[in-house]
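Report on the structure given below.
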Amino acid sequence: MPKLVDTHAHLDASIYERDLDIVVRRALQEGIWIVTVGTDYASSRRAVEIARRYPEGVFAAVGLHPLRVGTRDMADDKLLDLEKFQELASDPKVVALGDVGLDYHDLPAPVGRGDRPDLAERIRTNQKKVLSRFLELSRELRLPLLLHCREAHQEMLEILETWDRTSRGFDSRGIVHHFSGTWKEARRYFNLDFLISFTGLVAHGGYRLDVIRKTPPNRLVVESECPHLTPNPWSIRRNEPSYLGHAVERLATARGVKPDELAVQTTKNALRTLRKLNR
Ligand SMILES: [Zn+2]
Ligand SMILES: [Zn+2]
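One gets this note's numbering by counting positions in the sequence shown from 1 and adding 25 to each.
Spelled out as structure tokens, the structure:
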């Protein structure tokens, strides 16, 4: 069993181009397994390629990030590359679907009066379309989801709750990553059988402390979200999976538990949720 599982890394980022193998081996030597997450089709394919290079400890997730969705009409599955995603997702190294979700943080401002379509509204509609196709894919392929959600938890929960009523027999739903919601929202995700994950950002006040403290031990996992969110912005430019221990220490402090205890628990949770890790 690994010591930790980094449930959300972006190893295909160009910033690792020159020394990716060293970065990966540094984590593996520490007993840290990695799920490298795609953000569009090309990036998902690279994620799978990277995972294939390592006989153990590196896995992939494939998805289309909401910020990559844009204003292009996604009504047609061909435009979305859904079949290609499906093909990629059947690779034994793929343990989840993600990034997928809703991100309303940086939408363009309404263009105002007149009959010009509201860009923001079009993007929101497209994000929801893509999300619903991936929810279907998740059920079809029995793969858990890595959900990305920013400033859209109400809508996300409504979509998932409708989906939940029609998806009987599905047992492993996934993780809402880099969780920004309230305790009330967290509880609704738990009722839908989702876990939530945090990075080391807890030290910089990036999350709601009450959520970190109240989340039941079996609902919590950890992630680096690398190359973003370096544990120490003044001395280290780029984050990487081998720093995940810092995140665990910070979360453990916030929860008032021992880091070792939290490490064992979050690893167990990751292996239970991302079932293909156990193969
Ligand atoms: Zn991500
Ligand atoms: Zn994300």
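The beta carbon of each residue, even a glycine, is placed where N, CA and C say it ideally should be.
| query | result |
| --- | --- |
| Rounded to the nearest angstrom, how far is the Cβ of His173 from that of His202, given a contact under 8 Å? | 6 Å |
| Near Lys118, what residues of its chain come up, given a Cβ to Cβ distance below 7 Å and the 5 sequence neighbours on each side ignored? | Val73, Ala76, Arg77, Phe84, Ala85 |
| Give every residue whose Cβ lies closer than 5 Å to any heavy atom of ligand 2, listed in chain order. | Asp124, His173 |
| Measuring CA to CA, which of Arg71, Glu55, Val125, Pro266 is closest to Leu185? | Val125 |
| Under the criterion of a Cβ to heavy atom distance below 7 Å, does Glu265 qualify as lining ligand 4? | Looking for ligand 4 in the displayed structure turns up nothing; the ligands present are ligand 1 and ligand 2. |
| Got a sec: does ligand 1 put a non-hydrogen atom nearer than 7 Å to the Cβ of Val48? | no |
| Leaving out five residues before and five after Lys109 in sequence, what residues of the same chain have Cβ atoms less than 8 Å from its Cβ? | Tyr66 |
| Got a sec: does ligand 1 put a non-hydrogen atom nearer than 7 Å to the Cβ of Glu250? | yes |
| Between the stretch 36 to 50 and the stretch 270 to 283, do at least 3 Cβ pairs fall closer than 8 Å? | no |
| Would you list the one or two residues that DSSP bridges to Thr61? | Ala34, Ala85 |
| Taking the alpha-carbon positions, what's the Gln54 to Asp218 distance? | 32 Å |
| From Tyr268, Thr278, Lys293, pick the residue whose C-alpha is nearest to that of Arg51; which is it? | Tyr268 |
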